[in-house]
Amino acid sequence: MSVASERRYDPGTVEREWQGRWEEEGTNSFTLEELRTAERPFYNLMMFPYPSAEGLHVGNIYAFTGADVHGRFQRMQGRDVFEPIGFDAFGIHSENFALRTGVHPMELIPSNVANFTRQLRRMGGMFDWDHTVDTTAPDYYRWTQWLFLQLFRHGLAEQKEAPVNWCPKDMTVLANEQVVVGECERCGTPVEQRLIRQWFLKITKYADRLLDNLPGLDWSDTTRKAQRAWIRRSRGAEISFPAIGTEMAVAAFTTRPDTIFGSTYMVLAPEHPILDAVTSDDRREEVEAYRERTRAMDLVARQKVEKNKTGVFTGGYCLNPATGRPIPVWIADYVLMGYGTGAIMAVPGHDERDFDFATAYDLPIVRVVAGEGEGADDPLDIAYEWPEGRLVNSGGYDGLSPAEAQRAIVDDLSAQGLAEPRVNYRLHDWCISRQRYWGPPIPIVHCEECGAVPVPEEELPVVLPRVEDFRPDDSGVSPLARVSDWYRVPCPACGREARRETDVSDTFLDSAWYFLRYPSTDFADRPFDEEITRRWLPVDAYIGGNEHAVLHLLYSRFVAMALHDMGLVEFEEPFTHFRAHGLIIREGAKMSKSRGNVIIPDPLIERHGADTFRLYLMFLGPFMAGGDYQDKGISGPRGFLHRLWETVVPREGELRDGAPDARLEALLHRTIRKVTDDIAALHYNTAIAAMMEYLNAVRAGGREAVRAEVEALVCLVAPFAPHIAEELWHRLGHAESIFEGANWPAYDPAKAATRESTLAVQIDGRLRGTITVAKGLDEEAAVAAARAEEGVARRLEGREIRRIVHVPDRLLNFVLG
RNA sequence: GCCGAGGUGGCGGAACCGGUAGACGCGAAGGUCUCAAAAACCUUUGCCCUUGCGGGCGUGAGGGUUCGAGUCCCUCCCUCGGCACCA
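Take 2 as the starting number for the first sequence in the numbering used here and just add one per residue.
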């Protein structure tokens with residue numbers, strides 16, 4: 002073999018050699034039979050990348066390396082590790098890039114995928130290239146469409162009108178992220194709202210389960226908290242306020258029904274449907290003008306821009322059902338149609354926002370809760386929002402605590418049919434319609450007779466046609482709506498002429514189930530095989546960025562729960578273990594093209610090798626916190642691997658056999674323990690530091706190592722630097738791959754034990770010296786040993802010792818009088 | 001505003017359960033080897049005072065608990081990330 006004879010470490014040669022052998026020998030891939038029979042399956046998942054034209058950046062490599070280290074570590078401990086990778090290639094990113102460059106996405110994506118594949122192979126990930134996924138391949142999105150149909154059949158998909166951000170110049174729908182303070186991020190035109198019929202998945206039906214399962218998940222705490230905050234459940238009541246002069250009532254959601262006696266006015270969202278009915282003729286013009294102004298703002302700007310509250314009086318009144326008195330009805334943009342009922346009972350005395358509004362428009366502020374030491378009619382100079390105190394000015398409820406009053410008031414109003422207990426969520430149903438081209442068509446046919454009819458499953462996939470002009474237009478519908486020979490189809494139910502749904506689905510739907518597909522890509526006739534799914538899922542370890550803490554992870558959980566309820570999978574939580582990694586920054590700032598501080602990994606990998614680059618990235622800082630990229634820093638890990646090589650492959654002669662040095666052997670076992678614990682906890686940086694420390698000790702003073710001192714070290718290094726580890730393992734005489742068989746070294750506590758310990762000697766808590774003593778030395782002997790130290794003895798001379806604190810093998814503290 | 005993470009040498013970062021702060025690495029200085037360079041190896045490297053011995057000060061700021069605090073408690077400041085009028 003060419004490599005084997007070379008005595009110098011040349012990373013490029015070693016890495017290409019082993020990447021070739023892994024590929025040839027199928028080291029990292031599973032056959033269908035192996036997937037069926039794996040005895041200790043471990044599904045190691047990482048978030049699949051969006052294959053951009055720029056290629057993999059350091060951030061991707063960082064994330065994948067960290068996950069790969071964990072996978073290789075599990076494998077060396079004897080698990081059958083399945084580590085797949087794929088491409089999340091649909092979506093607006095590719096579409097916009099294609100529009101800009103004029104390259105059709107159907108050409109762009111395959112070439113990007115090819116480039117990503119090359120880079121992923123080059124970084125030495127343990128990927129199973131026989132089980133990849135590309136969300137834009139018809140044999141993948143066929144099953145994305147299938148999934149939509151299952152949700153539809155089970156009443157979890159519905160079409161309804163919803164507002165979207167619309168840029169009148171670009172003539173396109175914009176995602177919230179594309180709207181910057183009320184303007185289109187591309188052209189700066191003020192964004193409008195439009196109402197469009199769109200498909201929604203009813204994730205809110207699962208809100209309680211999504212919330213209540215969280216404590217049982219072994220996830221990064223930050224991620225669980227983000228999900229909790231995103232769903233945000235609030236319990237309260239919906240209360241009816243009869244609108245005077247009409248037959249209708251305005252329903253308002255509140256979490257504080259106990260404060261109803263303090264509700265001195267109501268506020269409706271400007272879009273509220275009852276608005277026309279309550280507005281008086283003399284106010285109509287002003288109300289319309291305000292409504293118009295609000296409509297011109299997109300949802301994001303409306304929530305961000307105005308700190309000062311604005312609003313107008315409608316001229317209408319409702320009856321406060323508790324006091325029986327009429328209260329004025331206003332509209333204001335701080336009330337959102339999308340939450341609760343789109344109407345609030347304003348309680349300015351006990352809600353900060355209502356207080357601000359009432360102050361600005363001179364509306365009455367009444368106290369209905371008195372805190373400790375406060376009187377019933379003490380004026381309020383800020384809203385009293387706390388749920389402690391006693392009710393006042395509240396008729397028969399005076400004297401109750403807010404909690405008691407909540408129950409009593411809701412009970413009494415419910416009896417009159419004016420209230421009912423209610424739970425609200427911040428979480429909204431998931432809008433999956435995209436009026437765009439680059440996505441899987443939603444598999445529905447609209448028929449005038451039969452309504453929305455699902456495409457029969459055997460007709461899937463509904464293939465996205467190749468369309469040269471896929472620019473969005475003024476119509477507010479997908480570019481597919483211009484392709485009449487595609488959308489005109491007979492109704493699957495009645496056969497009459499009908500029309501395909503021309504919207505495509507959200508990319509998050511593609512990624513909400515990809516982990517189910519990986520182990521089953523051998524099957525063309527089913528999305529996921531029952532037997533294989535039972536063996537491999539739920540995912541054992543999922544490592545990814547916290548930018549997906551909410552959406553992707555929440556949608557995946559929802560899909561898994563829905564499939565579980567349909568009886569299609571056994572689990573309801575897809576990821577039992579999730580860890581969020583940190584971000585790579587540079588000079589204290591996030592890498593971005595606009596800052597010009599982006600690192601392109603390819604030249605670095607060419608120059609130093611993938612092993613060095615991997616090791617360097619993992620050494621930067623704690624994996625879960627991220628790290629600061631420094632150009633010169635790579636020389637540390639590079640030197641370490643070169644020294645490791647030279648230690649195992651001496652320039653002259655051969656590595657000797659023989660007994661290891663006793664001190665080194667003890668250190669080796671402590672290193673094994675530390676590296677094992679640290680990798681398990683994803684503390685990669687300190688694991689690497691420990692290996693460096695050990696190698697430094699092995700080579701101290703230019704000494705030559707013996708085999709027993711370095712063989713285990715080669716194994717410890719393997720998860721981080723797999724190629725060099727393979728090569729050295731091979732040169733140490735092993736025929737099989739270091740990753741075949743459980744080669745992770747065992748920690749032997751007996752060998753790790755030391756006979757001596759260093760004791761810190763303090764006087765009054767200040768360090769005055771250290772002494773080396775036999776392990777487990779008792780206090781009396783330790784004191785004697787310390788007193789023998791000149792510096793210690795001098796300070797103790799003639800002083801009274803009030804107390805001695807002795808922590809065996811650690812410290813001895815003399816407290817003087 | 002709310003929630004979350006964090007603030008330690010010139011830099012990235014270590015530090016178990018409160019027990020020698022600064023592991024490991026970068027950078028810097030000096031040296032060995034070499035025609036030279038690279039690589040490798042050796043020594044030094046928190047700050048201040050001191051020729052030296054030695055001493056003092058040091059983990060965002062201030063206070064507290066303790067024999068002992070980077071670590072625990074209180075008050076405050078700053079940075080980063082997320083959510084943001086959710087009734």
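Note that CB positions come from ideal geometry on N, CA and C, so glycine has one too. Bear in mind that the values here come from a model prediction, so they are computed numbers and not experimental data.
Distances from the CA of Asp-810 to each of Arg-326, Thr-771, Leu-797, Gly-418 were compared; the closest alpha carbon is that of Thr-771. Glu-16 is classed as buried because its beta carbon has at least 16 other beta carbons within 10 Å across all chains shown.
In this structure the segment 254 to 273 touches the segment 326 to 346; the number of beta carbon pairs closer than 8 Å is three or more. The C-beta of Ile-245 has fewer than 16 other C-beta atoms within 10 Å across all chains shown, which makes the residue exposed. Exposed is the label assigned to Arg-489, since fewer than 16 other Cβ atoms lie within 10 Å of its Cβ. Taking a contact to require three or more Cβ pairs closer than 8 Å, the segment 507 to 514 and the segment 461 to 479 do not qualify as touching.
In the three-state scheme derived from DSSP, where H, G and I count as helix and E and B as strand, Trp-646 is classed as helix. Proximity of the segment 590 to 599 to the segment 615 to 623 falls short of the contact definition, fewer than three beta-carbon pairs being nearer than 8 Å. The way I'd put it, the segment 532 to 550 does touch the segment 46 to 55; three or more beta-carbon pairs between them come closer than 8 Å. The C-beta distance from Thr-136 to Phe-88 rounds to 7 Å, short enough to fall under 8 Å. Secondary structure note for Pro-327: its beta strand (DSSP E) is the uninterrupted segment 327 to 333. Between the segment 560 to 567 and the segment 142 to 160 there are three or more inter-stretch CB-CB distances shorter than 8 Å, so the stretches are counted as touching. DSSP places Arg-467 outside any alpha helix (DSSP H), giving it a letter other than H or E.
Cα atoms of Arg-664 and Arg-732: separation of roughly 26 Å, rounded to the nearest angstrom. In this structure, the straight-line span from the alpha carbon of Leu-109 to that of Arg-708 is close to 51 Å.
Excluding sequence positions up to five before and after Val-676, its CB lies within less than 6 Å of the CB of Ala-688, Ala-691, Leu-717, all in the same chain and listed in chain order. Nearest to Ile-204 by C-alpha distance, out of Asp-430, Pro-750, Pro-493, is Asp-430. The Cβ-Cβ distance between Glu-239 and Ala-252 falls below 8 Å. With a threshold of 16 other beta carbon atoms within 10 Å, Gly-654 falls short and is exposed. Under DSSP, the beta-bridge partners assigned to Pro-491 are Glu-498.
Nearest neighbour of His-724 by Cα position, chosen from Asp-612, Gly-659, Ala-163, turns out to be Asp-612. Going by C-alpha positions, Glu-781 is about 14 Å away from Ile-802. Around the CB of Met-127, 16 or more other CB atoms lie within 10 Å, so the residue is classed as buried. A distance of 8 Å or more separates the beta carbons of Arg-536 and Ala-230.
Judged by DSSP in its simplified three-state form, Gly-72 adopts helix.
Contact check for Tyr-748 against His-670 passes: the beta carbons are separated by less than 8 Å. No Cβ-Cβ contact shorter than 8 Å links Tyr-617 with Ile-585. Looking at Met-107, Thr-102, Asp-69, Lys-170, the one whose alpha-carbon comes closest to that of Gly-125 is Asp-69.
Assignment of beta-bridge partners to Pro-455 by DSSP yields Ile-445. In this structure the segment 436 to 456 lies against the segment 489 to 506, because at least three pairs of beta carbons, one per stretch, are closer than 8 Å. Going by DSSP, Ala-513 is part of no alpha helix (DSSP H) at all; its letter is neither H nor E. With a 10 Å radius around the Cβ and a threshold of 16 neighbouring Cβ atoms, Phe-117 comes out buried. Nearest to Pro-327 by C-alpha distance, out of Ser-264, Gly-637, Arg-195, is Ser-264. By the beta-carbon neighbour count (other beta carbons within 10 angstroms, threshold 16), Asn-697 is exposed.
Here Glu-18 carries a helix assignment [DSSP, helix/strand/coil]. Here Gly-72 is buried, its C-beta having at least 16 other C-beta atoms within 10 Å.
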